[in-house]
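In our numbering, the protein residues as written are 2 to 349.
In this text, a Cβ means the ideal position worked out from N, Cα and C, and glycines have one as well.
Shown next, in the form of structure tokens:
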């Protein structure tokens, strides 16, 4: 079950800020044109999760004001919700998980990935009690847990077909050699907020999740800890990407290039100004849910590895494409050429 979009925000400050107009002229000049083409605004779908950090920075730092057209952003709780909404074809840019992006492309919506947002983003969390079993028994800890509790270990994560869900199934099956359908129980809970609440209320035994949830859990002294990190068992693991509709990627190439250039600036901003980036993350996600101090601590996690170059996730994308097709999430196994457009990033 998917959730409806939760909020909409529009950035139009470029018309009011002289500095923004000057920056627009400079950027457009570097790219050889205004780039707006036939688009009056960019419709961007995004999620309030760390793998979309570049959106937070572009919005909060006013980088969107440098574009040739204004940006209309729509927030969704999870990737499958964006997939459902993408059927109307209204979005020019979708910033969400690579598996939902594959599903969109597989459905025949003309689009390709022009930038990656993050890599190695997933952590596997489990209760402190299970972590002790894990340290002693390794993969046999799940059977030991079931023998002691009289029930299977329950993971709660994003909905089926999401990156956290498929990454979890990959880890269980390909790394541990277990059956994700028989040896554990996997529940689709919705977005990051639902997963976080399930952990804090002890309604699940573990999860596959991205930052800042692990740091929030730790800050609340909840009895969970990380037992595995994607960077160890799938180096270069893809998570969120920037998917562009062909009407932007092909028909308005200059504007598409402007967007990816700002994406790269945002990636660099996170590395160079983590304190400010944490403030932006707290503002977008909500300070009551994510205090600035917690947001800043989450940026120090190895799971906060922000990037723009789409080639950085090429190997992991092939694994995910194979797994997505095997699980029936896509009808065909998408190739690298079908998924990626490297030309825009390479032209920067």
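**Report entry** Residues that residue 244 bridges to, as DSSP identifies them
**Finding:** 95, 114
Query raised in the report: Would you call the region 302 to 319 and the region 222 to 236 in contact, with 3 or more CB pairs under 8 Å?
Result: yes
Query raised in the report: Which residue or residues does DSSP assign as beta-bridge partners of residue 45?
Result: 74, 94
Report task. Quick one: residues in its chain with C-beta nearer than 6 Å to the C-beta of residue 209, no 5 flanking neighbours on either side, listed in chain order? Result -> 123, 125, 158, 165, 168, 169
Requested in this report: Run the CB neighbour count on residue 356, radius 10 Å, all protein chains shown included, and call it buried at 16 or more, exposed below.
Outcome: With the chain running from 2 to 349 in the structure shown, residue 356 is simply not present.
Query raised in the report: Quick one: complete alpha helix (DSSP H) runs, 4+ long, within the region 141 to 185?
Result: 142 to 150, 164 to 171
Query raised in the report: Any idea which residues DSSP pairs residue 1 with across the strands?
Result: This structure cannot speak to residue 1, because the chain is shown only from 2 to 349.
Report task. Using alpha carbons as the reference points, say which of 115, 140, 191 lies closest to residue 81. Result -> 191
Query - Cα-Cα separation between residue 177 and residue 50, rounded to whole angstroms - result: 28 Å
Query raised in the report: Where are the alpha helix (DSSP H) runs, 4 residues long or more, that stay fully inside the region 256 to 302, in chain order?
Result: 275 to 286, 293 to 299
Query raised in the report: Does DSSP put residue 197 in a helix, in a strand, or in coil?
Result: helix
Query raised in the report: Between the region 234 to 243 and the region 90 to 101, do at least 3 Cβ pairs fall closer than 8 Å?
Result: yes
**Report entry** Residues near residue 218 by beta carbon distance below 8 Å, same chain, minus five either side
**Finding:** 126, 197, 200, 201, 225
Query raised in the report: How is the alpha helix (DSSP H) around residue 317 delimited, first residue to last?
Result: 315 to 327
Report task. Per DSSP, which residues does residue 188 bridge with? Please list them. Result -> 157
Query - For residue 258 and residue 349, the rounded distance between their alpha carbons - result: 7 Å
Query raised in the report: Can the beta-carbon of residue 44 be found less than 8 Å from the beta-carbon of residue 77?
Result: no
Query raised in the report: Ends of the alpha helix (DSSP H) at residue 223?
Result: Per DSSP, residue 223 belongs to no alpha helix (DSSP H) and is neither H nor E.
Query raised in the report: Looking at the unbroken beta strand (DSSP E) that takes in residue 207, where does it start and where does it end?
Result: 207 to 211
Query raised in the report: Nearest to residue 321 by alpha carbon, out of 335, 310, 312?
Result: 335
**Report entry** Candidates 53, 69, 132: closest to residue 394 by CA position
**Finding:** Lying before the first or after the last residue shown, residue 394 is absent from the chain, which here runs from 2 to 349.
Report task. Give the DSSP-derived three-state secondary structure of residue 216 in the structure shown. Result -> helix
Query raised in the report: Does the Cβ-Cβ distance between residue 188 and residue 214 come in under 8 Å?
Result: no
Requested in this report: Consult DSSP for residue 50 and reduce its assignment to one of helix, strand or coil.
Outcome: coil
Query raised in the report: Between residue 181 and the rest of its own chain, which residues show a CB-CB distance below 8 Å, the 5 nearest in sequence each way excluded?
Result: 169, 170, 173, 174, 187
Query raised in the report: Would you call the CB atoms of residue 264 and residue 55 closer than 8 Å?
Result: yes
**Report entry** First and last residue of the uninterrupted alpha helix (DSSP H) at residue 80
**Finding:** 80 to 87
Query raised in the report: CA-CA distance, residue 250 and residue 112?
Result: 8 Å
Query - 6 Å CB neighbourhood of residue 11 in its chain, flanking five on each side removed - result: Here the model assigns residue 11 a pLDDT of 40, short of 50, so the residue's position is not dependable, and the following value carries that caveat. Closer than 6 Å at Cβ, skipping near neighbours: 73.
**Report entry** Alpha-carbon to alpha-carbon, residue 149 and residue 110
**Finding:** 48 Å
Query raised in the report: When the distance is taken between beta carbons, is residue 114 closer than 8 Å to residue 342?
Result: yes
Query - CA-to-CA distance, residue 183 to residue 139, given in whole angstroms - result: 17 Å
Query - Nearest neighbour of residue 353, chosen from 312, 309, 278 [CA to CA] - result: Outside the displayed span of the chain (2 to 349) sits residue 353, for which this structure offers no information.
Query raised in the report: Do you know offhand how far residue 319's Cα is from residue 194's?
Result: 29 Å
Report task. Give the secondary structure of residue 28 by DSSP, where H, G and I count as helix, E and B as strand, and everything else as coil. Result -> Its pLDDT being 45, under 50, residue 28 is placed unreliably in this model, and the coordinates cannot settle the point.
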